[in-house]
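Enquirer: Pasting a structure below so you can have a look.
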Amino acid sequence: MAEERDIDADAPIFAIAVAAELSGMHPQTLRQYDRLGLVVPARTQGGSRRYSLRHVEQLREVARMSSDGIGLPAITRILELEARVHELHGRVRDLEDRVRAELEKRPGARVFAAGSTGSVVTLRHGTRVRRATEVVVWRPRTPLEPPTGDNTAG
């Protein structure tokens with residue numbers, strides 16, 4: 000039995016005729032959107048347009064926004080912002096994965112110690128603190144009463 004695999008939404012797999020049919024548009028409309036930079040497909044070495052599932056979704060979204068009365072310049076900007084959000088989501092996922100992997104590799108990796116000035120110092124796990132030979136003299140703010148040798152309570 001063959002394994003089921005998810006299709007990469009960004010893989011350029013559809014020719015213009017298939018993408019036009021899937022999006023419910025005429026191929027000439029897709030060519031126009033490509034020229035305007037609205038939905039720009041990948042190209043084969045021979046120069047043929049290849050659309051991905053994400054492109055088809057964008058084309059459907061363009062059709063919906065256009066039918067709602069949104070102009071092409073505004074649609075272009077919306078698509079640019081959506082692409083940026085998609086890119087940033089990917090970067091966040093990558094960073095979360097890296098942080099998770101780092102935490103799994105080094106549990107309890109953050110160790111704290113007191114520095115010579117009393118400040119908190121972060122150490123790497125397994126690092127020893129260099130012993131300080133400094134002497135700290137404590138001087139109270141208010142002088143202490145000298146002890147009296149006379150116990151005349153009475």
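Note that the sequence shown covers residues 0 to 153 in numbering that gives the first Met the number 0. Ideal placement from N, C-alpha and C gives every residue a C-beta, glycine not left out. The model shown is predicted, which means the values in this text are computed figures rather than measured ones.
Do Arg30 and Arg48 come within 9 Å of each other at the CB atom, strictly closer than that value?
Expert: Position 49 of the sequence shown, counted from the start, is the residue given in the question as residue 48. Position 31 of the sequence shown, counted from the start, is the residue given in the question as residue 30. Closer than 9 Å, so yes.
Enquirer: Are Val61 and Leu37 closer than 9 Å when you measure CB to CB?
Expert: To locate residue 61, count along the sequence shown from 1; it is residue 62. To locate residue 37, count along the sequence shown from 1; it is residue 38. Yes. Within cutoff.
Enquirer: Taking only three categories from DSSP, how would you classify Ala14?
Expert: As a working mapping, residue 14 is identified with position 15 in the sequence shown. The answer is coil: DSSP assigns Ala14 none of H, G, I, E or B.
Enquirer: Since Ala41 sits in a beta bridge, which residues does DSSP pair it with?
Expert: Counting from 1 along the sequence shown, the entry for residue 41 is found at position 42. Answer by DSSP bridge pairing, in chain order: Arg49.
Enquirer: With H, G and I counted as helix, E and B as strand and the rest as coil, what does DSSP make of Met64?
Expert: For the purposes of this step, residue 64 is identified with residue 65 of the sequence shown, where counting begins at 1. In the structure shown, Met64 sits in a helix (DSSP, three-state: H, G or I).
Enquirer: Between which two residues does the alpha helix (DSSP H) carrying His85 extend?
Expert: The sequence position of residue 85 within the sequence shown is 86, counting from 1. Its alpha helix (DSSP H) spans residues 71 to 104.
Enquirer: Do Pro40 and His25 have their CB atoms nearer than 9 Å?
Expert: Against the sequence shown, residue 40 aligns to sequence position 41. Against the sequence shown, residue 25 aligns to sequence position 26. No.
Enquirer: Using the beta-carbon count (16 or more within 10 Å), is Ile74 buried or exposed?
Expert: Taking the first residue of the sequence shown as 1, we reach residue 74 at position 75. Classification of Ile74: buried, given that the 10 Å Cβ count is 16 or more.
Enquirer: Between Ser22 and Arg59, is the Cβ-Cβ spacing less than 9 Å?
Expert: Looking up residue 22 in the sequence shown gives position 23. Looking up residue 59 in the sequence shown gives position 60. Contact flag set, yes.
Enquirer: Can you tell me whether His54 is helix, strand or coil according to DSSP?
Expert: By one-based count along the sequence shown, residue 54 stands at place 55. In the structure shown, His54 sits in a helix (DSSP, three-state: H, G or I).
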